[in-house]
Structures are given as C-alpha cells and as structure tokens.
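When we follow numbering that gives the first Met the number 0, the leftmost residue of the sequence shown carries the number 0, and every step to the right adds one.
All C-beta atoms in this analysis are idealised placements derived from N, C-alpha and C, irrespective of residue type, glycine included.
Only a predicted model underlies this, so the values are computations on that prediction, with no experimental measurement involved.
Working notes, beginning with the structure itself.
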Amino acid sequence: MKKAIIMEKYPVYSLEIQKDETKFTNVDEIVEYLKTLIDAHKIAIFISVFDQYTHTKNIGGEINEKLLDAKNLIFCFGKAIPNSKILAARPRSFGVCETQNSFLIDFLEPPREEMTEVMQKWAKSIANI
C-alpha cells in the first residue's frame, strides 16, 4: 500500500491488486466484499455505492482510458461529534477501479490513525482470499 499526496493536499492510500492475486473478478464483487466488512464492524455503517464510471460517462466527462469500471463505496466510522468541523472529514469512501489486469483500491486518509489501519487491512484483504 502506498501513501501519496494528490493535488498538493490530499493524503491518499492506494493499493493495486493484480487480477491473478485475488478471487474477485469485478468491481461489484469487491464492493460487496468490503460492504460485508463494514457491516460486521462495531461502529462502521454502510451508506451507499456510487457508480462514478457511469455517472462520468453519462455527463460526457473524461475517463482514463485504462479504467474499465469505477465505483465509490461510501460508509462512516463516526462515533462522536466533538465539533462541527469533523463532519467535513466524513463520511469515508473506498474508490474501487478496474483495469484490464488489476484492481485499484484508493481511500483518503481518515482523521484517526486506528481507522486508517482498519481501512488498510480491509483493502489488503482483497488480495489472495
């Protein structure tokens, strides 16, 4: 898993999993698997799945030619509201993309380190299941 700062300000964790390193065959299967992890977590709650690829295609937007599919799995770990500003950091999202030979899993760094570790563990668990 790699951490990078994109657009000079957003800390994003990224993981590329080759298709021969996982049992999953498409984005929807990965999204469903991650949803089961969210549903089983003591404080996480599933919110929605957003089909970013179809939306972007339908509005005539630009899509990287290597991407075959792209969805966001939206959920939240929030268990407290210490101030109004924390809401700007919620909810969380996994970006799940497919290329010809791999799946790309990306997420913005959460404000709490323990949630970063959970999200890393979940993303890494997609490989070799």
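- Judged by DSSP secondary structure, Leu33 falls outside any beta strand (DSSP E) and instead within the alpha helix (DSSP H) spanning Val26 to Ala39.
- Distance between Ala69 and Thr53, taken at the CA atoms: about 8 angstroms.
- In this structure, the CA atom of Lys56 is about 7 angstroms from the CA atom of Ile62.
- Per DSSP, the unbroken alpha helix (DSSP H) holding Glu112 starts and ends at Glu112 to Lys123.
- Under the 10 Å beta carbon count, Tyr12 is surrounded by 16 or more other beta carbons and is classified as buried.
- Under DSSP, Gln17 takes part in a beta bridge, and its partners are Ser101.
- Taking a C-beta distance under 8 angstroms as the contact criterion, Glu20 and Asn127 qualify as a contact pair.
- Straight across, the Cα-Cα distance linking Pro110 with Ala122 is about 18 angstroms.
- Under DSSP, the beta-bridge partners assigned to Leu72 are Val48 and Phe93.
- Around the beta carbon of Ser92, 16 or more other beta carbons sit within 10 angstroms, so the residue counts as buried.
- Within 10 angstroms of the beta-carbon of Asp38 lie fewer than 16 other beta-carbons, which makes it exposed.
- Nearest to Phe74 by C-alpha distance, out of Pro81, Phe49 and Phe23, is Phe49.
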